[in-house]
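Chains as they are written, first to last, in full-length UniProt numbering: chain S, 1 to 228; chain U, 1 to 228; chain X, 1 to 228. C-beta atoms are modelled at their ideal positions from N, C-alpha and C, and glycine is treated no differently. Keep in mind it's a predicted model, so treat the numbers as computed, not measured.
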Amino acid sequence: MTEPLFLIPLWADLLAVGLGGVQGALFASGFVGQRRLDLLGVVIIGTVVGMGGGLIRDLLLNVELATMQSNWYLLTAVAAALLGMLLANTFQRLNAVIVALDAVVIGLFGAFGTSKALAIGLPEVPAVFVGVCAAVGGSVLRDVFMGLPVAIMHVGSLYAVAAAAGCVVLALSHAFGAPLLAAAIAGLIVTTVIRLLAVLFDISLPEQRALYRRKVAVETSSIPIVRP
Amino acid sequence: MTEPLFLIPLWADLLAVGLGGVQGALFASGFVGQRRLDLLGVVIIGTVVGMGGGLIRDLLLNVELATMQSNWYLLTAVAAALLGMLLANTFQRLNAVIVALDAVVIGLFGAFGTSKALAIGLPEVPAVFVGVCAAVGGSVLRDVFMGLPVAIMHVGSLYAVAAAAGCVVLALSHAFGAPLLAAAIAGLIVTTVIRLLAVLFDISLPEQRALYRRKVAVETSSIPIVRP
Amino acid sequence: MTEPLFLIPLWADLLAVGLGGVQGALFASGFVGQRRLDLLGVVIIGTVVGMGGGLIRDLLLNVELATMQSNWYLLTAVAAALLGMLLANTFQRLNAVIVALDAVVIGLFGAFGTSKALAIGLPEVPAVFVGVCAAVGGSVLRDVFMGLPVAIMHVGSLYAVAAAAGCVVLALSHAFGAPLLAAAIAGLIVTTVIRLLAVLFDISLPEQRALYRRKVAVETSSIPIVRP
Numbered sequence: 001m002t003e004p005l006f007l008i009p010l011w012a013d014l015l016a017v018g019l020g021g022v023q024g025a026l027f028a029s030g031f032v033g034q035r036r037l038d039l040l041g042v043v044i045i046g047t048v049v050g051m052g053g054g055l056i057r058d059l060l061l062n063v064e065l066a067t068m069q070s071n072w073y074l075l076t077a078v079a080a081a082l083l084g085m086l087l088a089n090t091f092q093r094l095n096a097v098i099v100a101l102d103a104v105v106i107g108l109f110g111a112f113g114t115s116k117a118l119a120i121g122l123p124e125v126p127a128v129f130v131g132v133c134a135a136v137g138g139s140v141l142r143d144v145f146m147g148l149p150v151a152i153m154h155v156g157s158l159y160a161v162a163a164a165a166g167c168v169v170l171a172l173s174h175a176f177g178a179p180l181l182a183a184a185i186a187g188l189i190v191t192t193v194i195r196l197l198a199v200l201f202d203i204s205l206p207e208q209r210a211l212y213r214r215k216v217a218v219e220t221s222s223i224p225i226v227r228p
Numbered sequence: 001m002t003e004p005l006f007l008i009p010l011w012a013d014l015l016a017v018g019l020g021g022v023q024g025a026l027f028a029s030g031f032v033g034q035r036r037l038d039l040l041g042v043v044i045i046g047t048v049v050g051m052g053g054g055l056i057r058d059l060l061l062n063v064e065l066a067t068m069q070s071n072w073y074l075l076t077a078v079a080a081a082l083l084g085m086l087l088a089n090t091f092q093r094l095n096a097v098i099v100a101l102d103a104v105v106i107g108l109f110g111a112f113g114t115s116k117a118l119a120i121g122l123p124e125v126p127a128v129f130v131g132v133c134a135a136v137g138g139s140v141l142r143d144v145f146m147g148l149p150v151a152i153m154h155v156g157s158l159y160a161v162a163a164a165a166g167c168v169v170l171a172l173s174h175a176f177g178a179p180l181l182a183a184a185i186a187g188l189i190v191t192t193v194i195r196l197l198a199v200l201f202d203i204s205l206p207e208q209r210a211l212y213r214r215k216v217a218v219e220t221s222s223i224p225i226v227r228p
Numbered sequence: 001m002t003e004p005l006f007l008i009p010l011w012a013d014l015l016a017v018g019l020g021g022v023q024g025a026l027f028a029s030g031f032v033g034q035r036r037l038d039l040l041g042v043v044i045i046g047t048v049v050g051m052g053g054g055l056i057r058d059l060l061l062n063v064e065l066a067t068m069q070s071n072w073y074l075l076t077a078v079a080a081a082l083l084g085m086l087l088a089n090t091f092q093r094l095n096a097v098i099v100a101l102d103a104v105v106i107g108l109f110g111a112f113g114t115s116k117a118l119a120i121g122l123p124e125v126p127a128v129f130v131g132v133c134a135a136v137g138g139s140v141l142r143d144v145f146m147g148l149p150v151a152i153m154h155v156g157s158l159y160a161v162a163a164a165a166g167c168v169v170l171a172l173s174h175a176f177g178a179p180l181l182a183a184a185i186a187g188l189i190v191t192t193v194i195r196l197l198a199v200l201f202d203i204s205l206p207e208q209r210a211l212y213r214r215k216v217a218v219e220t221s222s223i224p225i226v227r228p
C-alpha cells in the first residue's frame with residue numbers, strides 16, 4: 001500500500017458516466033408508451049445510471065464524492081442521456097448496443113470501485129464489495145425509480161456474477177503484485193467478456209425478457225377472458 | 001468563496017422539516033383504508049418526508065449530518081407528522097393545502113441544498129444537483145416506502161423541473177455576485193411559484209390523479225366485468 | 001461523554017451480521033418458485049439483511065464504515081446466507097426460527113446503532129433514530145430488492161415500535177448514568193422481548209400473513225370467477 005493514492009483520471013470517470021447515461025436513456029426510452037415515461041423521466045434515468053455507480057462507491061468509501069467535485073459529471077450524464085434518447089429510435093432495434101454498452105459500463109464501474117477502494121487501503125474483500133455495488137448500483141437505482149423488479153434479483157444474476165468475477169480478478173492480481181492499473185484493466189475485461197458471453201449464451205436479452213413477462217402478466221389480469 | 005461558511009439557521013431547517021412532516025402525513029393519510037396504512041405508517045412517512053431532504057443533502061456533501069446533531073429534528077418531524085395526521089380529515093378536503101405545502105417544502109429544501117453546497121465550495125452544477133436531490137429526495141423515499149410509482153418519474157416531472165429552476169436561479173445569481181441569502185430566497189420563490197403555477201395550469205392535482213389512476217387499475221383487475 | 005470511544009467488538013458485530021444473513025436467506029428462500037428467486041438472489045438478500053444495518057448506521061453517523069474495514073463482514077454475511085439457504089427446507093417449517101432470529105437481529109442492530117451514536121456524542125433523540133434505522137434498515141432494503149411492500153409500513157409496525165422501545169430504553173438508561181454496555185444489553189433485551197411478544201400475541205406471523213395476502217390478491221385478479 002506504499003503506492004501513491006490512486007486517482008481515477010477525470011476522462012475515464014466521465015467516460016463511464018457518459019456510457020452509463022446513454023445506456024440508461026436507451027433502456028428507459030423502451031418504455032415510452034407503456035409506462036408514460038416522459039422526456040424528463042428518460043433524462044432522470046440516464047442521469048441515475050450514469051452517476052449512481054460513482055456516488056455509491058464514494059459513499060461506501062466515506063470519501064469526498066468525486067461526482068460532486070466537478071461540473072462535468074452532471075453535464076456529461078445529462079448530455080449522454082439526451083443523446084441516448086435521441087438515438088433511441090435507431091438503437092432500440094439494435095438491442096445488442098444496449099447490452100454491449102451495459103457490459104462495458106458495469107466493467108468500468110466495477111474496476112474503478114475496486115481499485116479506488118484498494119488504493120485507499122481497504123482489505124480485498126470489502127474492495128470487491130465496493131466494486132460490485134458500484135457496478136450494479138446504478139441499475140438497482142434505475143429499477144427502483146422505474147418501479148421495475150430489481151433486475152439483479154431475478155434475471156440479472158449474470159450481472160452481479162460478472163461484476164464480482166472482474167472485481168475478484170482485480171483484487172487478486174493486485175494482491176499478487178500486479179500494478180493497480182494493469183489489474184483494473186484485467187478486471188474490466190473479465191467483467192465485460194463474462195457479461196457479453198452470458199448474454200450471447202442465453203441468445204435473447206435477459207432483461208428484456210423479464211419486462212415482456214411483466215407486461216404479459218399485467219395484460220392477463222386486466223383483460224379477463226370470459227366464456228359464457 | 002471568501003464569505004464565511006453558510007450555516008442554515010436551525011429554525012429555518014426545522015421549518016422545512018416541520019412543513020415536510022405535515023405534508024407527508026397529510027399525503028399518507030389519504031391512503032388509510034385502501035392500503036391499510038396504520039397510524040405508525042403515517043408517522044413514518046411524515047418523518048421520512050420531513051427528514052429525507054436534509055439527510056440526502058448532507059450525504060451528498062459528505063459532511064456531518066445536520067439532522068443528527070440536534071434533538072429537535074426528529075421531534076419536529078414526528079410532532080409535525082402527528083399534527084398532519086390529526087388535521088388530515090379537515091385538510092384532505094382542501095387538497096390545495098397539500099399541494100401548496102409541498103411547493104414550499106421543495107422550494108426550501110432546494111434552496112438549502114444548493115446554498116449549503118455553494119457555501120462548502122462545490123461548483124455550480126453539482127450544487128444544483130444537490131439542491132434538486134434534497135428537494136425531491138423526500139418524495140422519492142416516500143414513494144419507495146409506500147410502494148407507489150416514484151412520482152418524479154411519471155406525473156411529477158413538474159416537481160423536478162420546478163426544483164431545478166429554483167436551484168439554477170440560486171446558483172446563477174450567486175455566481176453573478178448576489179449574496180447567498182438573497183440568492184436562496186430568489187431560488188425558493190422561483191421553485192414554489194413554478195410548482196404552484198404548474199399545478200394551477202393543470203387545474204387538477206398531478207399526484208392525486210396518478211393515485212386515482214392506480215386505484216382504478218386495481219379495481220378493474222379485481223372486479224372483472226362479466227357479460228353472460 | 002468523557003468515556004472512551006465505544007467500539008463494538010468485532011465478534012459482536014459479526015454475530016449480528018451472521019444472524020441477519022441467516023435470517024435474510026431463510027426469508028428469501030420462502031419465495032423460490034413463486035418469484036423465481038435464484039440461488040444468487042437468496043445470497044444477495046442474506047447479504048443485504050446482514051450488512052444493511054451496519055452500513056446505514058455508519059452512513060448516518062458519517063464515520064468510516066466499519067463493514068468496509070475488515071474482510072470478515074462480507075465473508076460472514078455470504079457464509080451465513082449460504083447456511084440459511086441450505087437449512088431453509090428444515091427451518092421453513094419452523095417459522096418460529098425466522099421470527100426469533102429476526103427479533104434478535106433487530107435488537108442487536110438497534111443496540112449497536114444507538115450506543116455507537118451515543119459514544120460518538122450524538123444527542124439522545126438522533127441516537128435513537130440511528131438505532132431504529134440500523135434495526136429496520138436491512139429489512140427495508142430487503143423489501144425494496146425483492147419488490148415486496150415495505151414491511152414496516154404495513155404489517156410490520158411492531159418492528160419499528162419494538163426497535164424504538166429498545167433504543168429509547170438504551171438512551172434513557174445511559175442518560176441516567178448506566179454504563180453504555182449495560183444500557184445496550186437492556187435495549188437489546190427490550191427490543192427482542194417486545195418483538196417476540198408482539199408476534200406471540202398475534203399468534204400468526206405478521207410478515208408471512210402479509211405475503212399470503214399478497215399472493216391471494218394476485219390469484220384473485222388473474223383467475224376471475226365467472227358465473228354465466
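Item to check | Assigned secondary structure, Asp38 (chain U) (DSSP; H/G/I helix, E/B strand, else coil) | outcome: DSSP places Asp38 (chain U) in the coil class of the three-state scheme, outside both helix and strand.
Checklist entry - Any chance the stretch 118-133 of chain X sits against the stretch 69-80 of chain X, with 3 or more Cβ pairs inside 8 Å? => result Counting C-beta pairs closer than 8 Å gives fewer than three between the stretch 118-133 of chain X and the stretch 69-80 of chain X, which falls short of the contact rule.
Checklist entry - What is the DSSP secondary structure of Glu124 (chain U), counted as helix, strand or coil? => result In the structure shown, Glu124 (chain U) sits in a helix (DSSP, three-state: H, G or I).
Item to check | Touch test, the stretch 97-109 of chain S against the stretch 111-130 of chain U, Cβ-Cβ under 8 Å, three pairs minimum | outcome: The count of Cβ pairs closer than 8 Å, one atom from the stretch 97-109 of chain S and one from the stretch 111-130 of chain U, stays below three, leaving the stretches out of contact.
Checklist entry - Which residues, in order along the stretch 53-68 of chain X, keep a beta-carbon less than 8 Å from a beta-carbon of chain U? => result Of all residues in the stretch 53-68 of chain X, only Leu59, Leu60, Leu61 and Asn62 place a beta-carbon less than 8 Å from a beta-carbon of chain U.
Next on the checklist: So, for Val190 (chain X): in the same chain, excluding its five sequence neighbours on each side, which residues have a beta-carbon less than 7 Å away from its beta-carbon?
Outcome noted: Closer than 7 Å at Cβ, skipping near neighbours: Ala165, Gly166 and Val169.
Next on the checklist: At a CB distance below 8 Å, what residues from the UniProt domain "Glycine transporter" (100-173) of chain U approach chain S? Give them in sequence order.
Outcome noted: Residues Ala117, Leu122, Pro123, Glu124, Val125, Pro126, Val128, Phe129, Val130, Val140, Val144, Pro149, Val150, Ile152, Met153, His154, Ser157, Ala160 and Val161.
Next on the checklist: Helix, strand or coil, according to DSSP, for Ser29 (chain U) in the structure here?
Outcome noted: DSSP places Ser29 (chain U) in helix when its eight states are reduced to three.
Checklist entry - Any idea what DSSP makes of Ile45 (chain X), helix, strand or coil? => result DSSP, reduced to helix, strand and coil, places Ile45 (chain X) within a helical segment of the structure shown.
Next on the checklist: Considering only the alpha carbon of each residue, which of S:Gly84, S:Val99, S:Pro123 and S:Leu15 lies closest to Leu40 (chain S)?
Outcome noted: Of S:Gly84, S:Val99, S:Pro123 and S:Leu15, the smallest CA-CA separation from Leu40 (chain S) is found for S:Gly84.
Item to check | Contiguous alpha helix (DSSP H) assignments of at least 4 residues, all confined to the UniProt domain "Glycine transporter" (100-173) of chain S | outcome: If we require 4 residues or more, the alpha helix (DSSP H) runs fully inside the UniProt domain "Glycine transporter" (100-173) of chain S come out as 124-146.
Item to check | Endpoints, alpha helix (DSSP H) assigned at Gly84 (chain X) | outcome: Where Gly84 (chain X) is concerned, the enclosing alpha helix (DSSP H) stretches over Trp72 to Leu86.
Checklist entry - Measuring CB to CB, does residue 232 (chain U) end up less than 8 Å from Val43 (chain U)? => result Residue 232 (chain U) is absent from the model: chain U starts at 1 and stops at 228.
Item to check | Identity of the residue in U:Tyr159, U:Ala119 and U:Leu172 nearest Arg195 (chain U) by Cα | outcome: Cα-wise, what sits closest to Arg195 (chain U) is U:Tyr159.
Next on the checklist: Let me see if you follow: with CB-CB separation under 8 Å, is Gly41 (chain S) close to chain U or not?
Outcome noted: Chain U, which has a Cβ nearer than 8 Å to the Cβ of Gly41 (chain S), makes this yes.
Checklist entry - Which bits of chain X does Ser29 (chain U) rub up against, with CB to CB less than 9 Å? => result One finds nothing in chain X with a Cβ atom closer than 9 Å to the Cβ of Ser29 (chain U); even the nearest lies about 13 Å away.
Checklist entry - How about Gln69 (chain U) and Val49 (chain U): are their beta carbons less than 8 Å apart? => result In terms of Cβ geometry, Gln69 (chain U) and Val49 (chain U) do not form a close pair [threshold 8 Å].
Next on the checklist: So, at 6 Å on beta carbons, what are the nonlocal neighbours of Ala135 (chain X) in its own chain, with the 5 sequence-adjacent residues on each side left out?
Outcome noted: Within the same chain, and ignoring the five residues on either side of Ala135 (chain X) in sequence, the residues whose Cβ sits closer than 6 Å to its Cβ are Ile106, Phe109, Gly110 and Ala163.
Next on the checklist: Residues of chain S with CB closer than 7 Å to the CB of Leu74 (chain X), please, in chain order.
Outcome noted: Within 7 Å Cβ-Cβ: Val125, Pro126 and Phe129.
Next on the checklist: In whole angstroms, give me the CA-to-CA distance for Ile56 (chain S) and Ala28 (chain X).
Outcome noted: Note on geometry: alpha-carbon atoms of Ile56 (chain S) and Ala28 (chain X) lie some 24 Å from one another.
Next on the checklist: Since Leu37 (chain U) and Met153 (chain X) should fall inside the 8 Å C-beta cutoff, what is the C-beta to C-beta distance between them, to a whole number of angstroms?
Outcome noted: The pair is a contact, with the Cβ atoms about 7 Å apart (cut-off 8 Å).
Item to check | Neighbour list for Leu26 (chain U) in chain X, Cβ cutoff strictly below 7 Å | outcome: Result: empty, since nearest Cβ-Cβ is about 16 Å, beyond 7 Å.
Checklist entry - Within 10 angstroms of its Cβ, does Val216 (chain S) collect 16 or more other Cβ (buried), or is it exposed? => result Model confidence at Val216 (chain S) stands at a pLDDT of 36, short of 50, so the residue's coordinates are unreliable; what they give is reported in the following sentence. Around the CB of Val216 (chain S), fewer than 16 other CB atoms lie within 10 Å, so the residue is classed as exposed.
Checklist entry - Going by the CB atoms, is the gap between Gly18 (chain S) and Gly137 (chain S) shorter than 8 Å? => result Contact: no.
Item to check | Whole-Å CB distance - Ala25 (chain S) paired with Gly54 (chain S), under 8 Å assumed | outcome: Actually they are not in contact, since the Cβ atoms of Ala25 (chain S) and Gly54 (chain S) sit about 17 Å apart, beyond 8 Å.
Checklist entry - Would Ala96 (chain X) pass as a contact of Asp13 (chain X) if the rule is Cβ separation under 8 Å? => result No, these two residues do not count as a Cβ contact at 8 Å.
Checklist entry - Just checking my contact of Ala103 (chain S) with Ala171 (chain S) at CB under 8 Å: how many whole Å lie between their CB atoms? => result About 20 Å; that fails the 8 Å criterion.
Next on the checklist: For Gly147 (chain U) and Leu197 (chain X), I'd like the C-alpha separation in whole angstroms.
Outcome noted: In this structure, the straight-line span from the alpha carbon of Gly147 (chain U) to that of Leu197 (chain X) is close to 28 Å.
Checklist entry - Can you list, in chain order, the residues of its chain whose CB lies under 6 Å from that of Ala183 (chain X), leaving out five sequence neighbours each side? => result Leu170, Ser173 and His174.
Item to check | Proximity test, Cβ basis, 8 Å: Gly20 (chain S) and chain U | outcome: For Gly20 (chain S), the answer is no, since every Cβ of chain U falls outside 8 Å of its Cβ.
Checklist entry - Val63 (chain S) to Gly21 (chain X), Cα distance in whole Å? => result Spanning the two alpha carbons is a distance of roughly 27 Å.
Item to check | Spatial distance of Pro123 (chain U) from Leu61 (chain U) (CA atoms) | outcome: Rounded to whole angstroms, the gap between the alpha carbons of Pro123 (chain U) and Leu61 (chain U) is 12 Å.
Next on the checklist: Considering Cα atoms alone, identify which of U:Arg142, U:Gly187 and U:Ala178 is closest to Val161 (chain U).
Outcome noted: For the set U:Arg142, U:Gly187 and U:Ala178, the Cα lying nearest the Cα of Val161 (chain U) is the one of U:Gly187.
Next on the checklist: DSSP three-state label for Asn62 (chain S), please.
Outcome noted: Three-state result, Asn62 (chain S): coil.
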